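Novice: Attaching a single structure in structure tokens format; questions to follow.
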Amino acid sequence: MNKKLDKKRNIDFYLLYTLVFFAVALALYLKFFANGKSLVWSHDGVPQHLNSLAYYGKYLRKVLHTLFIEHKLSLPLWDMHIGYGSDILTTLHYYVIGDPLTLLSVFVPASKTEALYAFLIFLRIYLAGIAFSRYSFYHKNSKQATFMGTMIYIFAGWTIYAAMKHPYFSNPMIYLPLILLGIDKIYKKQKPYVFIWSVSLAGLSNFYFFYMLGIFMVLYAIFRYFDLFADRSIKNIGKWLGVFAVYSVIAVLIAAVILLPVILPVFGTDRFKAENYVPLFYDRIYYEKYLGCLIGENMIQWGVAGYTAVSLAGVFVLFSKKKKYTALKAGFVLLNVFLLLPYAGHVLNGLSYVSNRWIWAYGMLIAYIFVKIYPELFALTLTEKRKVFVMLLIYCILALLPEAARTQRNLMAMVLLSLSTFTVLSFGNIFTRERNLTVMVAGFLIAGILFNMHYQYSYEKDYLSEFTDSGEALEKLETGVDRAVLSTDDPSVYRYDQMDTNSSENSSMQMGTNSTAYYFSVASSSIANFFDEMYLNTPWEQHYNNLDGRTILDRLASVKYFVVKKGKESDLPYGYSRLSGEAEKNGKTYLAYADEDALPLGYTYDSWISREDYDKMTVTEKQQALLQGVVLDDSSLPETETHFNDREVSYYTSEGKGCRLKNGKVVVTQENAQLKLIFKGEENAETYLITEGLDYEGLSPREMISDKKWSKMTTYEQNKLLEENSNWRYWKESQKASIQIGGRFLKKTIQIFTDKYNAYSGKHNFLCNTGYSEKGRHTITLTFENTGVYSFDSLKIYCQPMTEIDSQTSKLGEEVLTDVKIGNNEINGKISLFDTKALVLSIPYSEGWTAYVDGEETELKEANTMYMALELPKGDHEIHLVYWTPYLRTGLCLTCIGVLCYIVLVLINRKKKRF
């Protein structure tokens with residue numbers, strides 16, 4: 004009878020929860036709908052999130068088609084259309100693969116992906132609430148308390164702001180309550196199944212948040228141990244450590260099929276290895292705004308709290324209670340310390356840049372504090388009410404004392420907090436019925452949520468402008484650039500490059516083309532290393548749009564077509580002279596020009612360059628060397644006799660206003676100050692601006708004033724400047740800067756990311772190609788968009804003549820791979836050689852490839868840093884390459900072991916139950 008009653012109560016709860024969730028979610032959705040906006044963020048949402056979801060749906064339907072129609076299981080693991088050719092699992096795991104909810108994409112046609120995308124955003128938030136309620140009910144909390152805690156948890160700043168940008172940011176909110184519930188079950192010697200499967204799903208879903216979940220899992224287990232057990236002996240602690248270790252290992256093993264192949268490549272990336280700036284403390288303004296931002300504005304470094312104001316009233320009541328809720332108090336203090344110290348954000352973000360993307364865990368604590376405190380609202384003593392009032396007073400004063408914190412949003416949040424707190428304090432006097440207090444508190448809670456939504460999506464914040472217009476997100480991926488390339492009707496395997504077309508990154512995934520653009524969170528280390536060697540003009544490791552129009556790099560990458568907008572034909576690199584394709588989109592015409600000397604996917608070298616010799620070359624010598632010999636660690640081929648015809652060009656400078664060049668530093672005290680480099684460049688050449696050791700540091704308002712000018716200022720002017728100087732944020736203002744490179748050529752930009760920026764990957768050397776010129780360049784103008792100090796080890800101009808490039812390319816193209824066919828995880832082709840040569844395939848090197856020459860497995864070597872090579876004897880050969888994601892087999896074996904261990908565990912538990 005009790006079970007039936009509990010079931011009915013649960014149904015009532017979830018019906019109410021669903022109705023209220025739908026109402027609040029609808030209010031949020033209408034913010035977008037009423038403004039003609041989709042829920043797809045323009046920056047990452049289109050090229051990454053939506054793109055991946057649409058691709059994944061097609062992928063799953065293809066797999067099912069081969070399974071049920073062709074009666075075979077075939078899982079594509081590699082795709083030439085992703086960047087230069089990428090592993091599907093390691094690239095898309097961060098967004099879709101492993102997340103059980105994205106499997107729904109199999110039922111939705113690509114044209115309806117935008118609707119599915121929006122649905123999944125709200126579904127994740129809804130499921131996070133379900134998970135939280137299960138945790139709360141397990142601890143025997145009331146429906147009213149659980150309902151309010153659930154609302155606090157799922158409609159905070161993290162979901163209102165962050166989860167709209169990055170949909171999968173809600174995933175850890177689903178798994179965290181379930182993992183903690185599983186820990187409690189284990190401590191009570193109940194079955195560990197909830198713990199094992201929630202940890203496994205978290206590991207399968209996203210490795211980034213899995214790391215954070217692991218930390219909070221350990222912290223929670225420690226807190227709960229000391230809260231539950233009086234026996235704190237080494238023996239008892241060791242026993243529980245062993246129990247959790249066994250269950251955790253089983254869970255991780257089950258997830259290993261995805262977790263292992265995804266996480267190991269990350270360790271080799273520059274972004275992971277970069278040494279980011281981690282100060283002892285945040286900027287002063289962070290602390291000034293901290294208290295108000297808990298229920299108001301968004302904090303910096305992803306500290307998106309924004310909890311409904313009522314939640315803080317629960318914290319006040321918590322600390323009014325003596326000798327109770329010790330674990331919750333300690334947890335609250337600890338997580339606030341984490342938010343206050345940058346090093347905690349560094350550790351919790353995988354020892355990378357400082358970020359508080361773990362604040363969803365703080366949100367669960369805040370929500371659960373309210374759940375536990377809720378019954379206490381009806382039984383506060385006079386002394387406790389006084390304490391709550393004093394805490395409210397102190398909080399409001401401290402939160403609003405700094406001028407920077409007195410925003411309209413924070414002020415309104417304080418009003419709601421005060422009203423809700425006074426309502427609680429009035430119980431027993433003005434309110435005497437519990438139901439009235441419940442209704443009032445619930446009303447303030449929902450009002451706080453709606454208030455935060457309103458301000459986040461107000462026209463003043465202008466956050467909505469960052470989202471694409473409804474119905475246009477997927478259409479952005481169908482670019483005019485890709486259409487122009489496809490209009491060539493070229494059946495061969497090739498890549499295209501482009502310049503200044505504003506095309507969307509990763510569009511080739513949807514259009515079925517092969518480009519030189521890529522923008523995902525995890526990138527190939529071989530590509531990154533090559534770009535570092537070439538000083539490619541991009542500060543990102545995992546985000547690149549083109550090869551900067553550098554003829555040699557385009558030829559080595561098998562770039563056959565180059566696309567420009569009509570009227571911009573002067574931007575074409577050397578060699579692209581025949582118009583082969585044309586397309587129009589949104590009133591703009593895109594032209595695809597062909598290079599008759601382009602190299603195919605496989606070309607050959609008759610000599611080699613050792614890695615040791617190659618590393619000693621300058622950047623311009625390296626790119627020339629790659630047209631003469633293949634760079635290998637070892638080879639039986641003869642060594643290459645390299646020769647170079649690049650020339651360093653001397654120049655003199657002309658400093659503009661607000662710009663001063665001295666001792667390897669450019670001090671810029673005025674935005675858009677200019678420095679002109681004047682020289683005599685070579686004809687029929689590409690002209691490069693090369694800077695090594697480039698870095699940037701912001702200048703404070705006081706530092707931009709010379710001592711001479713300072714002495715002439717009045718006391719008032721000096722004090723005013725010092726006030727401005729005190730509000731200046733070194734960390735923020737020194738994160739990045741831009742140098743625009745201009746002249747009688749296409750304007751380009753060198754972006755500088757410092758170690759204070761979240762996308763920093765250690766890049767300080769850049770080569771900016773000003774383009775090809777028949778007559779030669781004479782001036783380059785550097786426009787410094789930010790004030791500050793731009794330092795460098797060297798700033799040089801080089802000219803790279805095109806005189807020998809055609810003949811060198813022609814030699815590489817004498818004997819090439821023919822009949823190239825790219826199939827499912829395989830590449831096939833034929834080649835005829837008159838002598839021993841190295842066949843280089845312009846496919847990014849990966850240990851996942853296995854090569855077979857005439858049916859026999861042959862060593863596949865890393866060549867030219869980025870590509871792959873086979874050394875072949877003379878004669879006719881059939882080439883067969885097969886791809887398998889690195890560590891996938893190992894991960895699959897570990898998963899099988901994990902599942903087997905789980906089955907054994909279940910059988911043991913059943914056997915114990917019988918006896």
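The opening position of the sequence shown corresponds to residue 4 in my numbering, with each subsequent residue numbered one higher. By construction, the Cβ of each residue, glycine as well, lies at the ideal position given by its N, Cα and C atoms. Because the structure is a prediction, the values reported are computed rather than measured.
Quick check: the segment 856-873 against the segment 813-831, are at least 3 beta-carbon pairs closer than 8 Å?
Specialist: Touching, no.
Novice: Using the C-alpha atoms, what's the distance from Asp636 back to Leu875?
Specialist: For this step, residue 875 is matched to residue 872 along the sequence shown. For this step, residue 636 is matched to residue 633 along the sequence shown. In a straight line, the C-alpha of Leu875 is about 16 Å away from that of Asp636.
Novice: Taking the runs of the alpha helix (DSSP H) that are 4 residues or longer, which of them lie wholly in the segment 108-134?
Specialist: Those alpha helix (DSSP H) runs which fall completely within the segment 108-134 and span 4+ residues do not exist here.
Novice: When DSSP labels each residue in this structure, what does Asp535 get in the three-state scheme?
Specialist: Within the sequence shown, the letter at position 532 stands for residue 535. Here Asp535 sits in helix by DSSP.
Novice: In terms of residue numbering, what span does the beta strand (DSSP E) encompassing His52 cover?
Specialist: Residue numbering aside, residue 52 sits at position 49 when the sequence shown is read from its first letter. That residue, His52, is in no beta strand (DSSP E); it is neither H nor E in DSSP.
Novice: Check Lys325 in the structure and name its three-state DSSP category.
Specialist: Position 322 of the sequence shown, counted from the start, is the residue given in the question as residue 325. In the three-state reduction of the DSSP assignment, Lys325 falls in the coil class, being assigned neither a helical nor a strand state.
Novice: Looking at Leu368: is its Cβ nearer than 9 Å to the Cβ of Leu331?
Specialist: As a working note, residue 368 is residue 365 in the sequence shown. As a working note, residue 331 is residue 328 in the sequence shown. Cβ distance < 9 Å, so Leu368 and Leu331 count as in contact.
Novice: What is the C-beta distance between Gly60 and Thr94, in whole angstroms, given that I count them as a contact (C-beta under 8 Å)?
Specialist: Counted from its first residue, the sequence shown places residue 60 at position 57. Counted from its first residue, the sequence shown places residue 94 at position 91. Contact doesn't hold; Cβ gap of about 16 Å is too wide.
Novice: So which of Leu130, Ser77, Ile376 has the shortest CA-CA distance to Pro103?
Specialist: One-based indexing of the sequence shown puts residue 103 at position 100. Among Leu130, Ser77, Ile376, the Cα nearest to that of Pro103 belongs to Leu130.
Novice: CA-CA distance, Tyr608 and Gln631?
Specialist: Numbered from its first residue, the sequence shown carries residue 608 at position 605. Numbered from its first residue, the sequence shown carries residue 631 at position 628. One C-alpha to the other measures close to 8 Å.
Novice: Let's see if you can read the secondary structure: which residues bound the beta strand (DSSP E) around Leu181?
Specialist: Locating residue 181 in the sequence shown gives position 178, counting from the first residue. Counting along the chain, Leu181 falls outside any beta strand (DSSP E), though it belongs to the alpha helix (DSSP H) covering 174-190.
Novice: Measuring alpha carbon to alpha carbon, tell me which residue in Pro704, Phe454, His142, Tyr377 is nearest Thr790.
Specialist: Along the sequence shown, read from residue 1 onward, the residue named residue 790 stands at position 787. If we check each option's Cα against that of Thr790, Pro704 comes out closest.
Novice: Classify Gln459 as buried or exposed, calling it buried when 16 or more other Cβ atoms lie within 10 Å of its own Cβ.
Specialist: As a first step, residue 459 must be located in the sequence shown, where it is residue number 456. Buried: at least 16 other Cβ atoms inside 10 Å.
Novice: Assign Trp713 to buried or exposed, taking buried as 16 or more other Cβ atoms, counted over all protein chains shown, within 10 Å of its Cβ.
Specialist: Residue 713 sits at position 710 when you count from the first residue of the sequence shown. Answer is exposed; the Cβ neighbour count stays below 16.
Novice: Does the pairing of the segment 756-768 with the segment 276-288 give three or more beta-carbon distances under 8 Å?
Specialist: Yes, since at least three Cβ pairs between the segment 756-768 and the segment 276-288 fall closer than 8 Å, the two stretches touch.
Novice: Give every residue of the same chain whose Cβ lies closer than 7 Å to the Cβ of Gly746, excluding the five residues on either side of it in the sequence, and list them in chain order.
Specialist: Here residue 746 refers to the residue found at position 743 when the sequence shown is read from its first residue. Around Gly746: Thr773, Arg780, Thr782, Ile783, Thr784.
Novice: Could you check where the beta strand (DSSP E) with Ile742 kicks off and where it finishes?
Specialist: Locating residue 742 in the sequence shown gives position 739, where the first residue counts as 1. Run containing Ile742: 739-746, per the beta strand (DSSP E) assignment.
Novice: Please report how far the alpha carbon of Val924 lies from the alpha carbon of Asp557, in whole angstroms.
Specialist: No statement about residue 924 is possible, as the shown extent of the chain runs from 4 to 918 and does not include it.
Novice: Extract the residue ranges of the alpha helix (DSSP H) inside the segment 618-647, only unbroken runs of 4 or more that lie entirely within it.
Specialist: Whole alpha helix (DSSP H) segments, 4+ residues: 622-628.
Novice: DSSP beta-bridge partners for Val567?
Specialist: The residue you call residue 567 lines up with position 564 of the sequence shown. Val567 is bridged to Leu594.
Novice: Can you give, in chain order, each stretch of the beta strand (DSSP E) that sits fully within the segment 289-374 and has at least 3 residues?
Specialist: Inside the segment 289-374, DSSP marks no whole beta strand (DSSP E) run of 3 or more residues.
Novice: Could you work out which residue in Asp286, Leu294, Gln811 is closest to Ser737 when comparing CA atoms only?
Specialist: Sequence index remark: in the sequence shown, residue 737 carries index 734 (1-based). The shortest Cα separation from Ser737 among Asp286, Leu294, Gln811 belongs to Asp286.
Novice: Below 8 Å CB to CB, which residues in the same chain sit around Lys563 once its five sequence neighbours on both sides are set aside?
Specialist: Within the sequence shown, numbered from 1, the residue matching residue 563 stands at position 560. Here the set comprises Asp493, Ser495, Tyr497, Arg498, Tyr499, Ala597, Asp598, Ala601.
Novice: Can you list, in chain order, the residues of its chain whose CB lies under 6 Å from that of Pro542, leaving out five sequence neighbours each side?
Specialist: Here residue 542 refers to the residue found at position 539 of the sequence shown. So the qualifying residues of the chain are Gln754, Phe756, Lys766.
Novice: Nearest by alpha-carbon distance to Ser561: which of Asp187, Ala159, Pro847 is it?
Specialist: On the sequence shown, position 558 is the one that residue 561 refers to. That would be Pro847, whose Cα lies nearest to the Cα of Ser561.
Novice: Within 9 Å (strictly less), CB to CB, does Tyr62 reach chain D?
Specialist: In the structure shown, chain D cannot be found, because there is only a single protein chain.
Novice: Ends of the alpha helix (DSSP H) at Arg227?
Specialist: In the sequence shown, counting from the first residue as 1, residue 227 sits at position 224. For Arg227, the enclosing alpha helix (DSSP H) starts and ends at 210-231.
Novice: Any chance the segment 166-183 sits against the segment 191-207, with 3 or more Cβ pairs inside 8 Å?
Specialist: yes
Novice: When you compare the CB positions of Tyr293 and Ala159, do they come within less than 9 Å of one another, or not?
Specialist: Working through the sequence shown from its first residue, we reach residue 293 at position 290. Working through the sequence shown from its first residue, we reach residue 159 at position 156. No. Outside cutoff.
Novice: Terminal residues of the continuous beta strand (DSSP E) containing Ser794?
Specialist: One-based indexing of the sequence shown puts residue 794 at position 791. Start and end: 791-794.
Novice: Closest by CA to Leu640, which one among Ser741, Ala258, Lys877?
Specialist: In the sequence shown, counting from the first residue as 1, residue 640 sits at position 637. Minimum Cα distance to Leu640 is reached at Lys877.
Novice: What are the boundary residues of the alpha helix (DSSP H) that includes Ser423?
Specialist: Sequence index remark: in the sequence shown, residue 423 carries index 420 (1-based). First-last of the alpha helix (DSSP H) with Ser423: 411-428.
Novice: State the start and end residues of the unbroken alpha helix (DSSP H) segment that holds Pro804.
Specialist: Counted from its first residue, the sequence shown places residue 804 at position 801. First-last for Pro804: 797-804, but that is the beta strand (DSSP E), not the alpha helix (DSSP H).
Novice: Thinking Leu297 and Leu315 are a contact (beta carbons under 8 Å), I'd like their distance in whole angstroms, please.
Specialist: For the purposes of this step, residue 297 is taken as the residue at position 294 of the sequence shown. For the purposes of this step, residue 315 is taken as the residue at position 312 of the sequence shown. 7 Å between Cβ atoms; contact.
Novice: Are the beta-carbon atoms of Asn509 and Leu480 separated by less than 9 Å?
Specialist: As a position in the sequence shown, residue 509 is number 506, starting the count at 1. As a position in the sequence shown, residue 480 is number 477, starting the count at 1. Contact flag set, yes.
Novice: Mind checking which residues open and close the beta strand (DSSP E) that includes Thr694?
Specialist: Walking along the sequence shown from the start, residue 694 turns up at place 691. Per DSSP, Thr694 belongs to the beta strand (DSSP E) from 688-695.
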